[in-house]
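Input: a single structure, listed below in structure tokens.
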Amino acid sequence: MAALEQIRSAIADFDGYGDEESRRRSDQLIRSYLGERLAAYRSEHGDSGAFDALVLRCEFMDQRIFKAFESSNPDRGRIDALLAADLEVVALAGRTAALGLEDLPGFVNASNAALDRRDAAMRG
């Protein structure tokens with residue numbers, strides 16, 4: 661299954677990156693998908709403070725990075741890199757329910773690295 665279809669199997673409304681509005685909506689959906697799972701983990705297991713900065717990163721896009729991507733006409737390489745990073749974020753989000761406290765540091769690092777790859781893909 662191609663990355664776009666895999667993402668859509670988890671996030672039905674995922675638009676892809678075809679136009680400015682789709683790029684904006686897809687960014688919001690990816691970030692909120694991870695953020696909602698972090699919030700669910702927190703409500704079930706209590707607030708350890710381990711991913712406060714990660715939750716904040718999921719809530720707000722980096723306007724400096726996103727503005728250039730939103731209004732650009734990204735080439736196939738950028739789209740493929742963004743799809744790969746988004747698929748990684750979706751996969752990580754799917755793991756939150758099974759996390760133990762000992763898993764949190766590695767999970768936070770992996771999630772931040774995936775979000776960094778998203779940013780890099782948007783920058784081109």
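The numbering of the sequence shown is the working numbering, which starts it at 661 and goes up by one. We treat Cβ as the ideally placed atom computed from N, Cα and C, and that holds for glycine. Small disclaimer: the values here were computed from a predicted structure and weren't measured.
Inter-stretch contact (C-beta, 8 Å, three-pair minimum) for the segment 724-737 and the segment 688-697: no
Start and end residues, alpha helix (DSSP H) containing F632: The first residue shown for the chain is 661 and the last is 784, placing residue 632 beyond what the model contains.
Between the segment 673-687 and the segment 758-772, are three or more C-beta pairs nearer than 8 Å? no
C-alpha gap between D679 and E704, whole angstroms: 38 Å
Which of the three DSSP states is assigned to L759 in this structure? In this structure, L759 counts as coil in the three-state DSSP scheme.
Helix, strand or coil at S708 according to DSSP, with G and I counted as helix: coil
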